[in-house]
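Residue numbers (my numbering), protein chains in the order written: chain A, 1 to 288; chain B, 1001 to 1607.
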């Protein structure tokens, strides 16, 4: 196996310089290094530029609908928890229209890796404000500047009960790959929010803009084992007026995943159990 | 034929439903055919709840408008049901209730029973008043207490021996009291045990749940909504026994997508809801259609639009389920007409979904979903599992950088479907129009080919859509036509009409869509006059049959007040039409309740 084995014949159709290329590469490298078989991997996406990713990584995939990655991925995982299931969405997809699923998936703890391509803008619909656009950002739908405050996905995930919360940057491929690897290996929900510059529609949050502001948590000797500290770090960007933005693993806790807590799965996956014939005689007795 | 009809009524929370259901079992075990029919407002306390038990020596199918006995758990029950009591019928009620406020007919027999006093004397505890009433009822109709004792032992098995003993003693106290203090022998209804019987007594929702379990469903993902919630409750109670998972999700959008995800992974899953929840599922319905991922959705209709009347029944979501979601796509709609069909058609829905890789809707309604019926155990060995072109192994290796032709253009429109985990089957299930190898496309020719491929499935589907079933006098000139649950009152009406010398057939549609024009025309053309009965205000299926089968009905009879048809109402309509010689053509008849007894708001009657 090599990273090339994950390639599909079609070339990616993203803008040159798009942050998505790095995310796609990081996922391929992570799968390759973890020696996860292509046929045992499912990448689920929604709608948006990120939604095209499953086509470019030659595993199983599901291109679903806008904002609905997590329930589709959760259903796949509950049905066959031996599969590696990775969700791939955008900031509009996951933090806007799909927010309800986001919060509940964080507390539910299915063993999924959820990678959010966060470019703080709506790209595929040609540049409107996103839930993560910083207050005041001028876009096609907010020509006078965004009035509301941005969603803080890291803080929200931690407070919603997520067991692995991290953030990467498309300009730091190796670092991103390591985070994604850790996310896949984590038993439970793993949120990997990725700063991913949209070179066409976001003229504010550029590679340069992020490079000047981000720093790696681990470089400061930060340990992601304390929820209070994690929340403090999650709020740092906002507190510093987006002058200091940490990336890396904010929070990680061990505990049983959703699948590990479902007693009915002790006998194997539902997929494996599906072959068994059912006898209803006992159920009839109860109704007599 | 109906032998005995009684109603147990009280405030929400007084247990009329549970008590009624137990009584239904009591008579089912004695060899009778029973229907148990709950009516209740959307309230947890207050309002008025009633459960009607209809007992027959021969098959009974439907609730009726009149009853022989009212078992009043509070005084409101007397007010609500006094005018429905048959001549010489009676009321069992607590001795403390002052009856002077009600203008009761003279022929009605009164059976006051001191509920709480008897409970205490028999060593029972509070909440056992209903058991007193059950015992009292059996004393009146001369039915042995043993059957009730058996049901109480089973119902309270989990609460322990002591509670069972107390309930049995309390039931006996109610029984003995009536024998000692009232002229029980003069009560017009007498029932004995015909045989010691083992039939099911259960509701449509439970039958849907059982059908799904039998079909090998492993995941039921849903969000609570009346009247679908008891499917969820039933399946949840069976999680351990049948190793299935019920996932109560954050909303119906998530519920349907969990099920679609699971089906994609090769594990049968289902969701269930009512109209409002289904509205939220609409977008995913189209996704399943384009991705060609199987999905079974149970839609238990209630009164709409919007919140409507949550606990009442209607058949008004048919056109919605037929048309929900953007774009043209094929779906199958099944509408079982009784609990047996609810069981078998739910199981069949999974086969259709897997074989044709599209959405299958099982359309029920509050009436069928929550009414209980006695029935022989379903012949479960008749359920066959067919998964069509599902692939779980044995594929050749893919060439580098290639994908499996998941959406291969095939003659029958169905393409091979490998599940994740299968080597050589890599593909993307896609909501975007796609090429054969699943990559997105906007090629005009491929788009048209894929649409044609999906549409071609209809040829084989139509072969599996069974003809409408004919009941009653098959060769009569007049046919009463219906779909789904309305078969039940129509079947009982046929018997009533027969007694009056009017012979009619009942034509029942349960394979609603797609419509096989030839089959439909073949069946309906046999009749000179056709009368469609629908539980909605616009004749939705009549419209569908006109569009797809060029059928026009002579009459369309509509009811949309929150209740299903009663056999008496059907009989009256047909009698009237006979009088005028069935001369109508395309005529619409509205049959709503004449009485206005609202359970939601007893205060408006000064209660």
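Glycine included, each C-beta is placed from N, C-alpha and C at the ideal position.
Please report the Cβ distance between residue 1067 of chain B and residue 1089 of chain B, rounded to the nearest whole angstrom; I am assuming they are in contact, meaning their Cβ atoms lie under 8 Å.
Their Cβ separation, rounded to whole angstroms, is 7 Å, which keeps residue 1067 of chain B and residue 1089 of chain B in contact under 8 Å.
Just the C-alpha distance for residue 174 of chain A and residue 181 of chain A, rounded to the nearest angstrom, thanks.
About 11 Å.
For residue 1425 of chain B, which residues in chain A fall below 9 Å Cβ to Cβ?
What residue 1425 of chain B touches in chain A: 39, 60.
Using a 10 Å radius around the Cβ and a threshold of 16 neighbouring Cβ atoms, would you call residue 1590 of chain B buried or exposed?
Label assigned to residue 1590 of chain B: exposed.
For a quick check, are the C-beta atoms of residue 270 of chain A and residue 1219 of chain B less than 8 Å apart?
Cβ distance < 8 Å, so residue 270 of chain A and residue 1219 of chain B count as in contact.
For chain A, is any of its Cβ atoms less than 8 Å away from the one on residue 1253 of chain B?
Taking Cβ atoms only, chain A reaches closer than 8 Å to residue 1253 of chain B, which makes this a yes.
Under 8 Å, Cβ to Cβ, is there at least one residue of chain A near residue 1200 of chain B?
It does: the Cβ of residue 1200 of chain B has a partner Cβ on chain A nearer than 8 Å.
Ignore the nearest five residues each way along the sequence and tell me which others in residue 1593 of chain B's own chain have a CB closer than 6 Å to its CB.
So the list reads 1561, once near-sequence residues are dropped.
Within 8 Å (strictly less), CB to CB, does residue 267 of chain A reach chain B?
True, the Cβ-Cβ gap to chain B drops below 8 Å.
Residues of the region 1249-1273 of chain B with a CB closer than 9 Å to any CB of chain A: list them in chain order, please.
Listed in sequence order: 1249, 1250, 1251, 1253, 1254, 1255, 1256, 1257, 1258, 1259, 1260, 1261, 1262, 1263, 1264, 1265, 1266, 1267, 1268, 1269.
Since residue 1462 of chain B is in the alpha helix (DSSP H), which residue starts that stretch and which ends it?
Looking at the DSSP string, the run of the alpha helix (DSSP H) that includes residue 1462 of chain B is 1444-1464.
Do you know offhand how far residue 1540 of chain B's Cα is from residue 1318 of chain B's?
Going from the Cα of residue 1540 of chain B to the Cα of residue 1318 of chain B covers about 7 Å.
Quick check on DSSP: helix, strand or coil for residue 1215 of chain B?
Residue 1215 of chain B falls in the coil class under three-state DSSP.
Span of the alpha helix (DSSP H) holding residue 1119 of chain B?
Residues 1115-1121.
From B:1282, B:1115, B:1182, B:1391, pick the residue whose C-alpha is nearest to that of residue 1173 of chain B; which is it?
Nearest of B:1282, B:1115, B:1182, B:1391 to residue 1173 of chain B, Cα basis: B:1115.
Quick one: is residue 1382 of chain B near chain A, going by C-beta distance under 8 Å?
No, no contact with chain A.
Does residue 3 of chain A pass the burial test, meaning 16 or more other C-beta atoms within 10 Å, or should it be called exposed?
With fewer than 16 other Cβ atoms within 10 Å, it is exposed.
At what residues does the alpha helix (DSSP H) containing residue 1569 of chain B begin and finish?
Counting along the chain, the alpha helix (DSSP H) containing residue 1569 of chain B begins and ends at 1567-1579.
Would you tell me roughly how many angstroms separate the C-alpha atoms of residue 70 of chain A and residue 1470 of chain B, rounded to the nearest one?
Taking the straight line joining both Cα atoms gives about 47 Å.
If we ignore side chains and look at the alpha-carbon of each, how far apart do residue 1350 of chain B and residue 1299 of chain B end up?
So the two alpha carbons sit approximately 15 Å from each other.
Got a sec? Which residues, its chain only, sit under 7 Å from residue 1284 of chain B by beta carbon, not counting five neighbours each side?
Excluding positions up to five away in sequence, the list reads 1253, 1256, 1257, 1260.
Have a look at residue 1242 of chain B and residue 1231 of chain B and give me their C-alpha separation to the nearest angstrom.
Cα to Cα, residue 1242 of chain B sits roughly 15 Å from residue 1231 of chain B.
Pull up the distance between the alpha-carbon of residue 1614 of chain B and that of residue 1235 of chain B, whole angstroms please.
Not covered by the structure: residue 1614 of chain B. The range shown for chain B is 1001 to 1607.
What does the Cβ neighbour count give for residue 1554 of chain B, buried or exposed, with the cut at 16 atoms within 10 Å?
Buried is the call here.
Using a Cβ-Cβ cut-off of less than 7 Å, give me the residues of the region 127-158 of chain A that come near chain B, in sequence order.
For the region 127-158 of chain A, which is checked against every Cβ of chain B, not one residue is closer than 7 Å.
I want to know whether the region 1329-1342 of chain B touches the region 1288-1298 of chain B - three or more CB-CB distances under 8 Å.
The region 1329-1342 of chain B, when compared against the region 1288-1298 of chain B, does touch it at the 8 Å Cβ threshold.
Rounded to the nearest angstrom, what separates residue 91 of chain A and residue 47 of chain A at their Cα positions?
Straight-line Cα distance between these residues: approximately 11 Å.
Pair every Cβ in the region 159-174 of chain A with every Cβ in the region 192-202 of chain A, then say whether three or more of these pairs are closer than 8 Å.
In short, these stretches touch, since the Cβ pair count reaches three.
I'd like the span of the beta strand (DSSP E) that includes residue 1483 of chain B, first residue to last.
Segment 1478-1483, the beta strand (DSSP E) holding residue 1483 of chain B.
Would you kindly check if the distance between the Cβ of residue 1570 of chain B and the Cβ of residue 1502 of chain B is under 8 Å?
Cβ atoms of residue 1502 of chain B and residue 1570 of chain B: not closer than 8 Å.
Starting from residue 283 of chain A, trace the alpha helix (DSSP H) both ways and give me its first and last residue.
Looking at the DSSP string, the run of the alpha helix (DSSP H) that includes residue 283 of chain A is 281-286.
For a cutoff of 8 Å on Cβ pairs, would you count residue 1428 of chain B as touching chain A?
Chain A contact via Cβ: present.
Inspect the CB distances between the region 1379-1386 of chain B and the region 1401-1414 of chain B and report whether three or more fall short of 8 Å.
Cβ pair count under 8 Å is below three, so no.
Just how far apart, CA to CA, sit residue 1398 of chain B and residue 1214 of chain B?
Those two C-alpha atoms are separated by around 36 Å.
Less than 8 Å between the C-beta atoms of residue 1505 of chain B and residue 1474 of chain B, yes or no?
Yes.
Note down the Cα distance separating residue 1246 of chain B from residue 143 of chain A, rounded to an integer number of angstroms.
Whole-angstrom Cα-Cα distance: 47 Å.
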